[in-house]
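Take a look at the structure set out below.
See the structure below:
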């Protein structure tokens, strides 16, 4: 009999749950569901996005597609200030479910850039969260993916280092160390969210207790990618899946593995975790 | 013929020179030299201190020894706020030659502690400069000698990391990295002075060009100790001397060494460097 060990913290974090619940509420309340929109995919989980779209959610590529007077839900990653202003200008009814941890990073970028600090964001420059935080800074903003990119920045005088909420603390610490010799003053804002740290620690504590880790999360999910990195660093074999179909396809991966750990990114809904658990039990 | 290669930056820095010049001016101006005082040794160089004492300078162990109405020169390391207040209360004529780089660190400790930041000083807790900076902070102050001590501190919330001006930037960077996971916000104030960085780089650039390094500086000089560490890390054999007498005693050290580098801490006067140069030439 195969044993399944769930990571202590896995799946929807508070911020994602709040954002998804708000979409469902908006769809339930709407007289006309064609008026309920998000800009971009509401979360980095295709299965959950499919479910929301089937319930009537409309997903715009960008804010220019939003029809006047629409009801718009701002996803947990947040939006740049200019997008919020443009939505207000076209009379959209905006429900802002930006994750409070992302809001904090946005506010720090705004206030510190106004105080004259150059802003350095640690994260992925193409990720919506980083784009939303950048869009709140007033002055010079740099994005560094890691300490090497931080070390390659010019001298900065006074700078603030702000982290994508899904980063690892050790990466933030190393990026800070790379910036100290380039700055007179460096304000390191630890904007990594608690849920991220909890999920990362939960993966770490599975090391040595399992013969392999099934990691559930969207392919574009930054926090899931970090969980994969941590699991690999801890010496675990990882099977990253988005859906239960992939469990069947990876049948051979399970051979000889008796204790299977399960972890899931912050954008993975509980129903999907349960479906995958059943899929593993069925092998 | 033995070749002597001087480090590009060596000896008195701007702050020490200013403090020593002020003492000499005060002694020259004084009607009664018994009224001219410093608290503690004015610089960490016994030979220069001897010279100043012979010119009439009085050195008090602490401010309680200062007679009322005395003329007091505050050395480059600065003094805690309470000492400055006590001197003012007893009507001393104070000439403050606190190094401007130390003043900056004192002001940061004062303003950031008032803003609610815990203060972490990177340095030697028994060094007068650290004592003077500590004495300007209003709240919680910790002193960490290195990253290991920084890593052993409790969680700090909002903290400011301020450096003794004679530290190495890499040590400050490593201490910052150790504090990032303990703080929501960490303000790293790079208060290392330019003269320190210049002297350290000058030692580094002697590596490979000399068969040994004569390092001149007081045994209690923090910045000289750092130069010794750097020279050793760069693979240089170091002869640390305070005075030219020691050159004669170390005769055997010079055997087989044809190219001798000379470096000197920020509290080493030029006359002493010249005396030691002659001493080496005489061997």
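Protein chains in written order, with the working numbering: chain A, 338 to 620; chain B, 338 to 620.
Just so it is clear, CB atoms sit at the ideal spot from N, CA and C, and this is done for glycine as well.
Note that the structure is a prediction, hence the values are computed from the model and not measured.
Chain-ordered chain B contacts of residue 571/A [CB-CB under 8 Å]: Within the first chain, numbered from 1, the residue matching residue 571/A stands at position 234. The contacting residues do not exist; residue 571/A stays about 18 Å from chain B at best.
Paired residues, beta bridge with residue 340/A - DSSP: Position 3 of the first chain holds residue 340/A. BP columns for residue 340/A point to 596/A.
Segments assigned beta strand (DSSP E), at least 3 residues, entirely inside the stretch 521-582 of chain B: 549-553, 575-578
Chain-ordered residues of the stretch 516-535 of chain B with a beta carbon less than 7 Å from chain A: 517, 518, 520, 521, 522, 523, 524, 525, 526, 527
Residue 393/A (DSSP reduced to helix, strand or coil): For the purposes of this step, residue 393/A is taken as residue 56 along the first chain, with counting starting at 1. Three-state result, residue 393/A: coil.
Three-way DSSP call (helix, strand, coil) for residue 407/B in this model: For the purposes of this step, residue 407/B is taken as the residue at position 70 of the second chain. Looking at residue 407/B - three-state DSSP - the assignment turns out to be coil, as it is neither helix nor strand.
Inter-residue Cα distance where the pair is residue 522/B and residue 516/B: Position 185 of the second chain holds residue 522/B. Position 179 of the second chain holds residue 516/B. Distance between the alpha carbons of residue 522/B and residue 516/B: 10 Å.
Reduced DSSP secondary structure (H/G/I, E/B, other) of residue 588/A: By 1-based counting over the first chain, the position of residue 588/A is 251. Residue 588/A: helix per DSSP, three-state reduction.
DSSP three-state assignment for residue 500/A, whether helix, strand or coil: For this step, residue 500/A is matched to residue 163 along the first chain. Strand at residue 500/A.
Chain A contacts made by the stretch 497-515 of chain B, where a contact means CB separation under 7 Å: 506, 509, 510, 511, 513, 514
Counted within 10 angstroms of its Cβ, other Cβ atoms place residue 492/B as buried (16 or more) or exposed: Locating residue 492/B in the second chain gives position 155, counting from the first residue. Looking at its Cβ environment, which holds fewer than 16 other Cβ atoms inside 10 Å, residue 492/B is exposed.
As assigned by DSSP and simplified to three states, the class of residue 455/A: What you label residue 455/A is simply residue 118 of the first chain in a count that begins at 1. Residue 455/A: strand per DSSP, three-state reduction.
Residue 470/B beta carbon less than 8 Å from that of residue 459/B: Sequence index remark: in the second chain, residue 459/B carries index 122 (1-based). Sequence index remark: in the second chain, residue 470/B carries index 133 (1-based). Not closer than 8 Å, so no.
Identified DSSP bridge partners for residue 374/A: Stepping through the first chain from its first residue, residue 374/A is reached at position 37. Answer by DSSP bridge pairing, in chain order: 395/A, 409/A.
Euclidean distance between Cα positions of residue 600/B and residue 520/B: Here residue 600/B is taken as the residue at index 263 of the second chain, counted from 1. Here residue 520/B is taken as the residue at index 183 of the second chain, counted from 1. C-alpha separation (whole angstroms): 39 Å.
Inter-stretch contact (C-beta, 8 Å, three-pair minimum) for the stretch 369-386 of chain B and the stretch 548-566 of chain B: yes
Residue 481/B, DSSP secondary structure in three states: Indexing the second chain from 1 puts residue 481/B at position 144. Reduced to three states, the DSSP call for residue 481/B is strand.
Cα-Cα separation, residue 414/A to residue 603/A: Working through the first chain from its first residue, we reach residue 414/A at position 77. Working through the first chain from its first residue, we reach residue 603/A at position 266. Cα-Cα distance, rounded: 12 Å.
Classification of residue 324/A by the beta-carbon crowding that lies within 10 angstroms, buried from 16 upward: Outside the shown range of chain A (338 to 620) lies residue 324/A, about which nothing can therefore be said.
Distance between residue 525/B and residue 509/A (C-alpha atoms, nearest Å): To locate residue 509/A, count along the first chain from 1; it is residue 172. To locate residue 525/B, count along the second chain from 1; it is residue 188. Computed Cα separation, rounded: 14 Å.
Assigned secondary structure, residue 492/A (DSSP; H/G/I helix, E/B strand, else coil): Here the question's residue 492/A lines up with position 155 in the first chain. Residue state, collapsed to three classes: coil.
Collapsed DSSP secondary structure at residue 430/B in the structure displayed: In the second chain, residue 430/B corresponds to position 93, counting from 1. Residue 430/B: strand per DSSP, three-state reduction.
Close-in-space but distant-in-sequence residues of the same chain around residue 577/B (CB under 6 Å, 5 per side omitted): In the second chain, residue 577/B corresponds to position 240, counting from 1. 552, 565, listed in sequence order.
contact_flag[the stretch 423-433 of chain A, the stretch 471-489 of chain A] where n(CB pairs < 8 Å) is 3 or more: no
Separation of residue 571/B from residue 548/B, as counted between CA atoms: Here residue 548/B is taken as the residue at index 211 of the second chain, counted from 1. Here residue 571/B is taken as the residue at index 234 of the second chain, counted from 1. Between residue 548/B and residue 571/B, the C-alpha separation is close to 12 Å.
Residue burial classification, residue 618/A (beta-carbon count within 10 angstroms, cutoff 16): Counting from one through the first chain, the residue named residue 618/A turns up at place 281. It is exposed - the Cβ of residue 618/A has fewer than 16 other Cβ atoms within 10 Å.
Residue 442/A vs residue 456/A beta-carbon contact at 8 Å: Along the first chain, one-based indexing puts residue 442/A at 105. Along the first chain, one-based indexing puts residue 456/A at 119. No, the Cβ-Cβ distance between residue 442/A and residue 456/A is not below 8 Å.
Neighbour-count burial assignment, residue 385/B, 16 or more Cβ in a 10 Å radius: Counting from one through the second chain, the residue named residue 385/B turns up at place 48. Buried, since its Cβ has 16 or more Cβ neighbours within 10 Å.
Beta-carbon spacing of residue 466/A, residue 504/A below 8 Å: Sequence index remark: in the first chain, residue 466/A carries index 129 (1-based). Sequence index remark: in the first chain, residue 504/A carries index 167 (1-based). No, they are not a contact pair.
C-beta contact flag for residue 638/B and residue 403/B at 8 Å: The question about residue 638/B has no answer here: the residues shown for chain B are numbered 338 through 620.
Residue 474/B, DSSP secondary structure in three states: In the second chain, counting from the first residue as 1, residue 474/B sits at position 137. In this structure, residue 474/B counts as coil in the three-state DSSP scheme.
Segment limits, alpha helix (DSSP H) that includes residue 610/A: For the purposes of this step, residue 610/A is taken as residue 273 along the first chain, with counting starting at 1. Residues 607-619.
Rounded straight-line distance, which links the Cα of residue 585/A to that of residue 597/A: Reading the first chain from its first residue, position 260 is the one you call residue 597/A. Reading the first chain from its first residue, position 248 is the one you call residue 585/A. When rounded, the distance between both Cα atoms is 15 Å.
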